[in-house]
Structure formats: structure tokens, C-alpha cells
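J.: Below you'll find the structure I mean.
In the numbering used here, the protein residues as written are 15 to 645.
Below, the structure written as C-alpha cells:
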């Protein structure tokens, strides 16, 4: 069997074994199966990647079987490997394996331990199917698979009704995006007569007319589908609530699966998007607005995981800005680096939560630096990469490349709007530095509010150590190999004209300087002026602004008014089924007639005689009227 197929098969086998014996398997065996399945998948991916690179082929297709056939439409279960899917394969299995190892430590003693790992394995398998599928039908199967697994894992603690609501919210909002993607798939089949991804990408310019209505609608539906999975405005409201699941779930969703699917899809279908320039601009605008909204929301959150959730939303905004500016390789490299430092931050936050007896409010923690300097180092490295501290963190090498490309695009395409988007991105970097410092300062140097519980174990510190190294400048060494892979997959690189090189360099330095200024301001606000800041927060203006930001500018409240309440009203009206009520009128009339005529059967002769006389009079009147009309 192909090594490529084994990368998916191993997690699927793990899922089946864990699901079948989840109430009978001891924790240790369940952990071995769950972690081992993804470990074998990662090894298979490694060997498959080595074989692919040594073959020097641009792509490899493994056809397993025909899925179904309807007339000439016969999508196959076929796996496609090229530079882009190999990058995704390595990220999903590599980072996913580290998260699985950490989860085996974090979830010890939890109820339904095996059930958790069965969902975890299925999540990885679904994501691998998504990135390796050679046609849009198979991609959509994996797309729905990760949606299902996110629902199961977000609602893992289903005993709490709020967790169930969060899971339903995530499932519902992402399904809206999935409907848009399904429309895009129908439009692709209408125009191309096939759903083969490579055929569509290679022949897009021949089949689709640039700027035509059908092209714009296809590209727009494609992006809206991606926005649902990657939590971009207006389909972003589910991501923060997804923190209801266990912390390793948050790490897997935010770093290696789910939210990266939208970025992957847009980069994979780049040739289609480029035929709709208006949609490309819209993508960049959406990314910029999302990163700014998420940055303001992260400033005032108190839940450690929600802060990181909004930071993910913000970083995804940068990736979509890159897609809209045609800087696909910069966006994909930032997706990889983000997987490293966001997995590090989420897993570190999981360790902090356990150390403080499952407390998630950062203002009920404090003083962790004196107890656990290793966790501080992990947070410092991950937070530094998130804030793109120059030269020493991997985030600097990916985020600034995006901002430089967006600035350059304003001059290359002659669209001044991109220059505005560049400054929005810079503002986002400024906010990122502030809320990242706030998080680290309060948790590690704030007054200790909760007693510290010592934590230990190689399955705890091992994954964190590896991710910490990859989140430093060491991770930037992957930039050239990643670029080579993407070049082989014909993913365009953003070429900066020689005349703009100095301007791009200046734009990148400006972004770095403002991010560092945000860090300095964060230090001043939360060390020197913290008392004044708390006093301002207690004023009506400060409390109002904090409330707006805490609720992410009120999108949930808006959707509740515009969509939820009208829906509930309609449900209440139609809950009684008025159509069915109309059909019930017929038996009601019959029953009424029966009741009326039955009441006339009294047994009294005089009433019968009166009824007959009345009937005779009516008949005579009818006959007379007919005679008059006829005469």
C-alpha cells in the first residue's frame, strides 16, 4: 500500500480501535493507540516526502478506487501529493503528533479518555484527507470531517450545557461557510465538467473569463467557504467560544487543522481567485478588518485561552491579507510558523491551567515565574514570535514579509487601498505586542492569587521544548525549503520589483518599530501606569470601551438581533404547522356538519313537518326564480 494512503489509514485505524473499545480500554493502552497512530502517520508522511523529493517529480497521484459514478461524473478516492500538500502533510502530522503527546499527559484521569483520543485521531485523518484529496468532492468530505470533529471535541465536556451550546454554535456557523463552498463546487462543475483540482487550477484562465459575473461569484463563494473554516468576518464568532473544549483541542484546531483549511484552499485555488480582482481586494480587506477587530478583543479578555483564540483570528487575518495581495508563499510560510508558536502557546497555557487547578482567568493566577521558569521561557518565546520580535523569533520572518508584500502591492497594482491595509496590519502588530505582554506579565509576575500545583513529566515538557526551538529563529531556516516546495507546486512567489526593494525594506522596518513600540507601551501600561489604567477602566467611558472590545465589537449581539430572534419567531409561528392546520379544516367542517345534523334528530313530529315545509318552500322559490330567469 502507498505510504501516502498510510498517513490517513493509521489515524483511521486508531479511531476505530478507540471508538470500539472506549469503555474497556485502560488509559495507558488508549494513549499508546491514540498517540502511536498519529506517530506512525507522521513517519509515513516523512518517508513519503523523502521519496517524493528524491523522485524530483512535480506531483504524484495515488488512485485508490472510484468513489461513485453518476453518468460521466466519477470522482475517485485519489490522493495528490505536490509541494503544497507535502507542506501541509508535514505540518498536520508533525505538529499534530506533538499535540497528541502532550494530550496524553494533559487528559490523564479525565472521563472517557479513549473517546477523546478517538475524536483526536479522526480529526487528523479528516484534515489529511482534506489536504491530499485530488478533487473537490474528496476535499469536501475531509472539510466536513474536520467540522464534525470540531463539534465533538468542543463539546467534549457535554455535561455542561454551555459547552454543548458552544459546539453547536461552531458547527452551525461553519456550516454556513460550507454551504458557500458547496455552491462554489457546483459552479466549478458547471464550468469545467470535472472537480479535479489540478485540472481546474491549470485551465482556469482558459475556461473562466476574467472579471465576468460567473467568475466573480465562483471566487466569492470559494472565499466565503474558506472564511467559515478560518474564522474571518462575518463568520468569525464561533472561534472564541470553541475554547470550551480541552486545551489540546484548542491547540489542534488553531495550529495544525481546521482554521488553516481556509488558507490552504485559497492558496490551492489561486488561479481562480486571480481571475476575480475585486474578490482579491475583498479578501485582503476582510483579513485586515478581522485582524483589527480580533486585536481589540484580545486586549481586554481575562480567559487565557480566549486571548490566544483572538490572536489566532488576528494571525489568520494576516494570512488572508497575503492571499489578497497575491503573496501566497508569504501567507503559507506564516501559516507554518504560526502552527509552531501557537501550538506552543496553547499547550503552555494548558500546563498553566493545570498548575493553577483548572483556573483560566489570568487575574486569578500570578506569580508563576518563581515557580516554573520553563513555562515562562515557553511563553516568552511563543509570545515573542506572536509579536514578531525581530531576528530572534520565527514570527518576524513570516509576518513582516506579508506586510512588505501588501505595501508593495499598492504600488505594483496601483491600488492605494493596499497601502491603507498595510497600516491596518501595522496597527494589528501594535495591538498584538500590547496584549501579549499583558498576558505574560499578569500570569508570571502579577500577584499570586491561586496556589501553584507542581507539574512534571517528559510528555509535558518534551513537546513544549521542541515547539519552543521551532518558534525561534531556528524555525526560519525552513523558509528556503518551504519556498522550494511551493515553487515546485507552481504556487506563485511574490516578486518585488527592484525599484521597490528599498521601500519594502523601509515598510518592514516601520512595522517592526511600531510592534516594538507597542511592547514598550505595554510595559509602561501594566507596570508603571497600571493603577491609572484600572481607574480608567472603572469610569463609564473605560467600562463601555472594555465591554465593546470584550464582546468583539458586538457581532454576536448583532447576529442575535438580525438572525436568531427572527428565526425563533418564525419557528414559533410555524411550530404549530399552519399548512397542516389548513388540511385539518376539512375534517373540522365534516365534524361540524355532523354535529349540526345530529342535533336536528329530535324525534318530534312537528319539527320534522316544519323542516319539510321549509324545504318545500325553498324548492318552490328556486323553481320560480329559474322560471323568471329563463322566461
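For every residue, glycine included, the Cβ atom is placed at its ideal position computed from N, Cα and C.
At a cut of 8 Å, does the segment 505-518 reach the segment 102-110 through at least three beta carbon pairs?
T.: Touching, no, given that fewer than three Cβ pairs across the two stretches are closer than 8 Å.
J.: Which partner residues does residue 79 have in the DSSP bridge list?
T.: Per DSSP, 91.
J.: Could you have a look at residue 74 and say whether DSSP puts it in helix, strand or coil?
T.: It is a strand residue.
J.: Taking the DSSP output, what are the residues bridged to residue 317?
T.: According to DSSP, which records beta bridges pairwise, residue 317 is partnered with 375.
J.: Looking only at DSSP bridge pairs, what is residue 208 linked to?
T.: DSSP, once it has assigned bridges, lists no residue as partnering residue 208.
J.: For residue 647, tell me which candidate among 303, 318, 354 and 298 has the shortest Cα-Cα distance.
T.: Any answer about residue 647 is impossible in this case: the structure gives the chain only from 15 up to 645.
J.: Quick one: grab the DSSP three-state call for residue 606.
T.: Of the three classes helix, strand and coil, the one that applies to residue 606 here is helix, per DSSP.
J.: Take the Cβ of residue 137 as the centre, count every other Cβ of all protein chains shown within 10 Å, and call the residue buried at 16 or more, exposed below.
T.: Buried.
J.: Which same chain residues end up closer than 7 Å to residue 362 when comparing Cβ atoms and leaving out the 5 residues on each side of it in sequence?
T.: Once the five neighbours on either side are set aside, the close Cβ partners of residue 362 are 389, 392, 393, 396 and 478.
J.: So what's residue 565 in DSSP terms, helix, strand or just coil?
T.: In the structure shown, residue 565 sits in coil (DSSP, three-state: anything other than H, G, I, E or B).
J.: Candidates 469, 532 and 629: which alpha carbon is nearest residue 400's?
T.: The residue with the shortest Cα to Cα distance from residue 400 is 532.
J.: How would you call residue 319, buried or exposed, if buried means at least 16 neighbouring beta carbons within 10 angstroms?
T.: Per the 10 Å Cβ criterion, buried.
J.: Can you name, in chain order, every residue of its own chain whose Cβ lies under 7 Å from the Cβ of residue 431, other than the five neighbours on each side?
T.: Excluding sequence neighbours, residue 431 sits near 295.
J.: Any idea if residue 246 is buried or exposed, counting beta-carbon neighbours within 10 angstroms, 16 or more meaning buried?
T.: Per the 10 Å Cβ criterion, buried.
J.: Evaluate residue 553 with the Cβ neighbour count: other Cβ atoms within 10 Å of its Cβ, from every protein chain shown; 16 or more gives buried, anything less gives exposed.
T.: By the neighbour-count rule (16 or more Cβ atoms within 10 Å), residue 553 is not buried but exposed.
J.: Tell me whether residue 553 sits in a helix, a strand or coil according to DSSP, three-state version.
T.: Coil.
J.: The alpha helix (DSSP H) spanning residue 86 covers which residue range?
T.: From DSSP, residue 86 is part of no alpha helix (DSSP H); its letter is neither H nor E.
J.: Evaluate residue 582 with the Cβ neighbour count: other Cβ atoms within 10 Å of its Cβ, from every protein chain shown; 16 or more gives buried, anything less gives exposed.
T.: Per the 10 Å Cβ criterion, exposed.
J.: In three-state DSSP terms, what is residue 486?
T.: In the structure shown, residue 486 sits in a strand (DSSP, three-state: E or B).
J.: Can you check whether the CB of residue 146 is closer than 8 Å to the CB of residue 211?
T.: Against a cut-off of 8 Å, the Cβ pair of residue 146 and residue 211 comes out as no contact.
J.: My understanding is that residue 528 touches residue 444, with C-beta atoms under 8 Å, so please give their C-beta distance in whole angstroms.
T.: Contact flag correct, Cβ pair sits at about 5 Å.
J.: What's the call for residue 114, buried or exposed, on a 16-neighbour Cβ count within 10 Å?
T.: So residue 114 counts as buried.
J.: Could you tell me the distance, in whole angstroms, from the CA atom of residue 309 to the CA atom of residue 78?
T.: Each residue's alpha carbon lies about 45 Å from the other.
J.: Taking the CB atoms as reference points, tell me whether residue 481 and residue 346 lie closer together than 8 Å.
T.: No, Cβ-Cβ distance for residue 481 and residue 346 is not below 8 Å.
J.: Within 10 angstroms of the Cβ of residue 343, are there 16 or more other Cβ atoms? Answer buried if so, exposed if not.
T.: Under this definition residue 343 is a buried residue.
J.: On the CB-based measure, 16 or more other CB atoms within 10 Å of its CB, does residue 335 come out buried or exposed?
T.: By the neighbour-count rule (16 or more Cβ atoms within 10 Å), residue 335 is buried.
J.: Opposite residue 149 in the DSSP bridges: which residues?
T.: Answer is 210.
J.: Compute the distance between the beta-carbons of residue 435 and residue 302, then report whether it is under 8 Å.
T.: Against a cut-off of 8 Å, the Cβ pair of residue 302 and residue 435 comes out as a contact.
J.: Does the beta-carbon distance from residue 234 to residue 293 come in below 8 Å?
T.: Against a cut-off of 8 Å, the Cβ pair of residue 293 and residue 234 comes out as a contact.
J.: Taking C-beta to C-beta, are residue 228 and residue 201 nearer than 8 Å?
T.: Contact flag set, yes.
J.: Rounded to whole angstroms, what's the CA-CA distance from residue 262 to residue 168? Just pull it up for me.
T.: Each residue's Cα considered, the two are about 11 Å apart.
J.: Which residue spans inside the segment 138-193 form an unbroken alpha helix (DSSP H) run of at least 4?
T.: Qualifying alpha helix (DSSP H) stretches, in chain order: 150-168.
J.: DSSP state of residue 251, grouped into three classes?
T.: Correct three-state label for residue 251: coil.
J.: For residue 98, which option in 588, 626 and 498 has the closest C-alpha, if you only look at C-alpha atoms?
T.: When each option's Cα is compared against that of residue 98, the closest is 498.
J.: Whose C-beta lies closer than 6 Å to the C-beta of residue 120 among residues of the same chain, with five residues either side of it excluded?
T.: Result list for residue 120: 262 and 364, in chain order.
J.: Only counting the same chain, and skipping five residues up and downstream in sequence, which positions put a Cβ closer than 8 Å to that of residue 467?
T.: These residues qualify, in order along the chain: 368, 369, 370 and 371.
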